[in-house]
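What follows is one structure encoded as structure tokens, with my remarks underneath.
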Amino acid sequence: MIFRKSIYKTPAQLRAMVEPGLITAAALEAVRPLVRAGVTTLELDAEANRVITERGARSNFQLVRGYRHTICASVNDAVVHGIPTDVPLQPGDIVSVDCGAETAEGWNGDSAITVVVPDPARPDLVAQREELSRVTEGSMWAGIAALAGATRLGEVGDAIQTYIEANPLSFSGKPAGILREYVGHGIGRKMHESPSIFNYRTSDPGAEVKPGLAVCIEPMMTAGSEETFVEDDDWTVSTVDGSMGSHWEHSVAVHNGGIWVLTAPDGGAAGLAPFGVTPTPIA
Ligand code: MG
Ligand code: MG
Numbered sequence: 004m005i006f007r008k009s010i011y012k013t014p015a016q017l018r019a020m021v022e023p024g025l026i027t028a029a030a031l032e033a034v035r036p037l038v039r040a041g042v043t044t045l046e047l048d049a050e051a052n053r054v055i056t057e058r059g060a061r062s063n064f065q066l067v068r069g070y071r072h073t074i075c076a077s078v079n080d081a082v083v084h085g086i087p088t089d090v091p092l093q094p095g096d097i098v099s100v101d102c103g104a105e106t107a108e109g110w111n112g113d114s115a116i117t118v119v120v121p122d123p124a125r126p127d128l129v130a131q132r133e134e135l136s137r138v139t140e141g142s143m144w145a146g147i148a149a150l151a152g153a154t155r156l157g158e159v160g161d162a163i164q165t166y167i168e169a170n171p172l173s174f175s176g177k178p179a180g181i182l183r184e185y186v187g188h189g190i191g192r193k194m195h196e197s198p199s200i201f202n203y204r205t206s207d208p209g210a211e212v213k214p215g216l217a218v219c220i221e222p223m224m225t226a227g228s229e230e231t232f233v234e235d236d237d238w239t240v241s242t243v244d245g246s247m248g249s250h251w252e253h254s255v256a257v258h259n260g261g262i263w264v265l266t267a268p269d270g271g272a273a274g275l276a277p278f279g280v281t282p283t284p285i286a
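Throughout, my numbering is defined as the position within the sequence shown, counted from one, plus 3.
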């Protein structure tokens, strides 16, 4: 007989995931203002690692086999899994930073933001890249809001795709491209656990949404085609057509009283407000 570990966690386990979520959020908040021209993504990596270790946790990215860094930094046509480098950021670069922390007790957080490096000389370019980031972030919040009322995880992907289609990019007139091969996931004792969460509509209803679920919702979008390839470094996922990418992510708990965004200090209140959803602290 095969015994499968339940994907659903106890209230105490979900409460233990608040701390790694907040540490992950603090690391990203420390990195965000450093995303500017002349700074290298290795410097962003060092800052994230400093914040995580200062708070008694460790980088869970460093626990991924073959990976040595604290963040993934995906610049311009790189969408996800970019490796930090010593190349200085340029004005107008769009940078997705993905980061996670594991506490001494062994619980994980995972979150990503996208930031555009200011470029006063090219306001149109900056506006386009900020729009891509804003739509990607909006689709993440739409997915999280859907989770609050969902019975199956497939409703999250449906909500993400619906949001993307309802908000076509003004500069192309087309919806952002949704990466198909990369998906959200459960989180807990490990950064990556079952179940998978698609960022698009599928015929798969997905796992049952009920108290105890802890998942990462992480849409990965492009300003053009959704076709990507993995660079020679075996990590970086870049667009085939050279269009810009954006990645946003939060870790979210479903509990008896509702949902709580573990990697947002306000539990997701600000991001969820436009969707009429109010997060509830985990009791
Ligand atoms: Mg991540
Ligand atoms: Mg993730």
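By construction, the Cβ of each residue, glycine as well, lies at the ideal position given by its N, Cα and C atoms.
Thinking just about the alpha-carbon of each residue, which of P36, V212, S246 is nearest to the one in G152? Closest by alpha carbon: V212.
Looking at the secondary structure, which residues open and close the beta strand (DSSP E) in which M224 lies? It spans 223 to 225 - the beta strand (DSSP E) in which M224 sits, taken as one unbroken run.
Measuring straight from C-alpha to C-alpha, what distance separates M224 and I163? Annotation: M224 to I163 spans about 11 Å, alpha carbon to alpha carbon.
So, helix, strand or coil for R68, using DSSP? Of the three classes helix, strand and coil, the one that applies to R68 here is coil, per DSSP.
Taking a contact to mean a Cβ-Cβ separation below 7 Å, would you say V119 touches V240 in this structure? Cβ distance not < 7 Å, so V119 and V240 don't count as in contact.
Looking at the secondary structure, which residues open and close the beta strand (DSSP E) in which I220 lies? Where I220 is concerned, the enclosing beta strand (DSSP E) stretches over 217 to 220.
Those residues which DSSP pairs with V119 across a bridge: Beta-bridge pairing links V119 to I97.
Pick out whichever of S197, E140, I181, E134 has its Cα sitting closest to the Cα of L172. Cα-wise, what sits closest to L172 is E134.
Around ligand 2, Cβ to any heavy atom closer than 6 Å, ordered along the chain: With 6 Å as the limit, the residues whose C-beta approaches a heavy atom of ligand 2 more closely than that are D113, H188, C219, E221, E252, in chain order.
Considering only C-alpha positions, which residue in the set R137, E229, T281, G24 is nearest to S246? Considering only alpha carbons, the answer is E229.
Between S254, A30, N259, which lies nearest to D113 when the distance is taken from Cα to Cα? The candidate whose alpha carbon is nearest that of D113 is S254.
Is it true that the stretch 90 to 102 meets the stretch 23 to 31, where meeting means three or more beta-carbon pairs spaced less than 8 Å apart? The stretch 90 to 102 vs the stretch 23 to 31: in contact.
Have a look at L275 and V129 and give me their C-alpha separation to the nearest angstrom. Their backbone Cα atoms lie some 25 Å apart in a straight line.
In the structure shown, what three-state DSSP assignment does V38 receive? If DSSP states are grouped into helix, strand and coil, V38 belongs with coil.
Would you report the Cα separation of I86 and E168, rounded to the nearest angstrom? C-alpha separation (whole angstroms): 30 Å.
Buried or exposed: which applies to S136, given that a residue is buried once 16 or more other Cβ atoms fall within 10 Å of its Cβ? Buried is the call here.
Out of Y11, Y185, T281, which has the shortest C-alpha to C-alpha gap to I147? If we check each option's Cα against that of I147, T281 comes out closest.
Apart from the five residues just before and just after R58, which ones in its own chain have a Cβ nearer than 8 Å to its Cβ? Excluding the 5 residues flanking it on each side, R58 has same chain C-beta neighbours closer than 8 Å at I26, A29, A104, in chain order.
How would you write the range of the alpha helix (DSSP H) that A272 sits in, first residue to last? Residues 272 to 275.
Out of Y70, V233, L265, N202, point me to the one whose CA is closest to E158's CA. The shortest C-alpha separation from E158 is found at N202.
How about D48: is its Cβ closer than 6 Å to a heavy atom in ligand 1? No, Cβ of D48 sits at least 6 Å from all heavy atoms of ligand 1.
Residue environment, Q131, which counts as buried when at least 16 other CB atoms sit within 10 Å: Looking at its Cβ environment, which holds 16 or more other Cβ atoms inside 10 Å, Q131 is buried.
Check: A76 C-beta below 6 Å from any heavy atom of ligand 1: The answer is no for A76.
Mind checking whether H250 and A115 have CB atoms under 7 Å apart? Pairing H250 with A115 gives a Cβ-Cβ distance under 7 Å.
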